[in-house]
Amino acid sequence: MTNYLKKKSSETQVKVVRLTKLLMDMGSVIVAYSGGVDSAFLAAISHSTLGDNSLAVTAKSPSLAPQELQDATSLAKRLNLNHRVIETTEIEREDYKSNNPNRCFFCKDQLYTQLSLLALNEGFSCITNGTNVDDLGDFRPGLNAAKKYEVRSPMVEVGLTKSEIRAISREMNLPTWDKPAQACLSSRIPYGTPVSIEALERIAKAEQFLRDLGLDQLRVRHHNNIARIEVEPKHFPLLTDTATRALIADHFKSIGYSYITLDLEGFRSGSLNETLSATRKITGRGKTKKEG
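In terms of the working numbering, the sequence shown is numbered consecutively and its last residue is 294.
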């Protein structure tokens, strides 16, 4: 950490020092750790500051891709984190399965309920998440759940942005520094279409197949028996190559899709919010959540 501070601007140095002091003042923390850019950074900083008084907890559920869980676990071992995997059951909740725009609230409500019990039973003083300053600009129901359970966001408290977290993570040699943004698999399902384990498993298999082809920033949007693939336009030639196209079609059909499409607008986070946004413009109802 000392070497890192020597390399960065005074403003960033102040934020990192404040973050370390904040964690020390907390005394002991649970970090909601998914293995993404933000939570990996927070878990690493918390561990270096508090040692085993920092517990990184990953929620295992059908909405987390198996590869994401494996990556989070492997990184935790590499960083020697005090790490635990718990199973969450949001998929059993009707308010989650119905897949309304506030679905994320119920997911986080389930997670923070279990983390609160864990903190109470094992004597951790605070529950923390990886929210950063840039996250505050969108409508995010999950943040309302955090408020309900008094979950703290240390990076927000010290003013760290996403780009700063990536830069710090790079200096710390965290492999997540340039990891593409991820969201739970449920975010691939249009609002109003019920979330099911079968759909989540199909999405996970489809996206992993594409990643195995060498793609990174991607989504497979699930429209019942139709898969709508989003990748960056620079990767269109790979997907439209005759041999590769046949491989993708065969695999997607083998896991249950009847039709496979390539979205010509390419990858964009929150594309399933586009129709919702149009509706809200007509009705005049506030912002929409940008997810997945």
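Backbone N, C-alpha and C fix where the C-beta goes; we use that ideal spot for every residue, glycine too.
Straight-line spacing of the CA atoms in R190 and K62 works out to 18 Å. Residue state for K181 is assigned as coil, using DSSP reduced to three classes. The secondary-structure analysis by DSSP pairs Y261 across a beta bridge with I228. Looking from the CA of D97, the closest CA among F108, T263, N123 belongs to F108. Ranked by Cα distance from E203, the first of P68, K236, G53 is P68. According to the DSSP assignment, A34 belongs to the beta strand (DSSP E) that extends over 31-34. Our two residues, G194 and R154, have alpha carbons roughly 31 Å apart in a direct line. In the three-state DSSP reduction, S41 falls in the helix class (H, G or I). Per the Cβ contact rule, the stretch 171-188 is in contact with the stretch 33-44 (3 or more Cβ pairs under 8 Å). In terms of Cβ geometry, S48 and L81 do not form a close pair [threshold 7 Å]. Of the candidates R213, Q184, H253, the residue whose Cα lies closest to the Cα of H237 is R213.
Between the alpha carbons of L187 and S127 lies a gap of roughly 31 Å.
Across the set G258, L21, K255, the C-alpha of L21 shows the shortest separation from the C-alpha of N134. Rounded to the nearest whole angstrom, the C-alpha separation of A201 and N226 is 8 Å. By the criterion of a C-beta distance shorter than 6 Å, T60 is surrounded in its chain by Y35, A74, V87, once the five residues flanking it on both sides are discounted.
Of all C-beta pairs linking the stretch 251-261 to the stretch 204-211, three or more are shorter than 8 Å, placing the two stretches in contact. A residue is called buried once 16 or more other Cβ atoms fall within 10 Å of its Cβ, and D218, having fewer, is exposed. A direct Cα-to-Cα measurement between G161 and S50 gives close to 20 Å.
Under the 10 Å beta carbon count, S65 is surrounded by 16 or more other beta carbons and is classified as buried.
In this structure, the beta-carbon distance from K99 to V197 falls below 7 Å. The beta carbons of Q112 and T90 sit closer together than 7 Å.
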